[in-house]
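The sequence shown stops at residue 135 when you use the working numbering, and every number in between is there.
Here's the structure we're looking at; comments come further down.
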Amino acid sequence: MHTITTDLATGIIEVDASGFWTIEHVEDFLRDLEREGRRVLATGKRHVLLCNFSKSAIQPQEVIAMLQRVAVSMPLKSRKVALYTEGKLARLQVKRIASVRDDMAVFDDRESALAWMLEHEPSN
12 MHTITTDLAT GIIEVDASGF WTIEHVEDFL RDLEREGRRV LATGKRHVLL CNFSKSAIQP
72 QEVIAMLQRV AVSMPLKSRK VALYTEGKLA RLQVKRIASV RDDMAVFDDR ESALAWMLEH
132 EPSN
């Protein structure tokens with residue numbers, strides 16, 4: 012359903028989402044994301060989030076609505092969030108999630124998403 016890889020040196024949290032999500036899964040995902048965000052914060056950085064939705068199913072509306080709410084209200088927010096997927100229908104859902112924040116963007120592939128995310132990043 013999701014895997015999270017965190018690079019503490021860069022502050023990049025990378026998520027691979029797959030399958031069909033439920034509200035319970037979103038809650039599990041948010042707990043995992045919060046934990047990883049705190050790990051990055053402990054290094055003195057704020058994280059950036061790179062999310063791959065290429066293997067994700069079309070999600071129920073309540074899951075998309077919950078992800079939109081959390082994107083705005085999450086206490087430990089990412090500096091930037093780049094979401095990507097090749098699927099046309101999934102892309103529409105991902106765009107709905109990203110529409111709630113100016114620092115979220117949607118891309119067709121990982122390379123474009125990563126390039127945007129790293130634009131204007133302070134050098135360490």
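From the three backbone atoms N, C-alpha and C, an ideal C-beta is built for every residue, glycine too.
The alpha helix (DSSP H) spanning I108 covers which residue range? K99 to A109
Would A51 pass as a contact of I15 if the rule is Cβ separation under 8 Å? The amino acid occupying residue 51 in the given sequence is Val; Ala does not appear at that position. The answer is no: Cβ separation not under 8 Å.
From T33 to L41, what distance separates their C-alpha atoms? Pairing T33 with L41, the inter-Cα distance amounts to about 12 Å.
So S123 packs on G98, CB below 8 Å; how close in whole Å? Actually they are not in contact, since the Cβ atoms of S123 and G98 sit about 15 Å apart, beyond 8 Å.
By the DSSP assignment, the alpha helix (DSSP H) with L44 in it spans what residues? Per DSSP, L44 belongs to the alpha helix (DSSP H) from I34 to L52.
Taking 8 Å as the cut-off, decide whether the C-beta atoms of V26 and L78 are in contact. no
Within its chain, find whatever has a CB closer than 8 Å to the CB of R120; leave out the 5 residues flanking it on each side and keep chain order. In the sequence as displayed, the identity of residue 120 is Asp instead of Arg. Excluding sequence neighbours, D120 sits near Y95 and E97.
Determine, using beta carbons only, whether K106 and V117 come nearer to each other than 8 Å. yes
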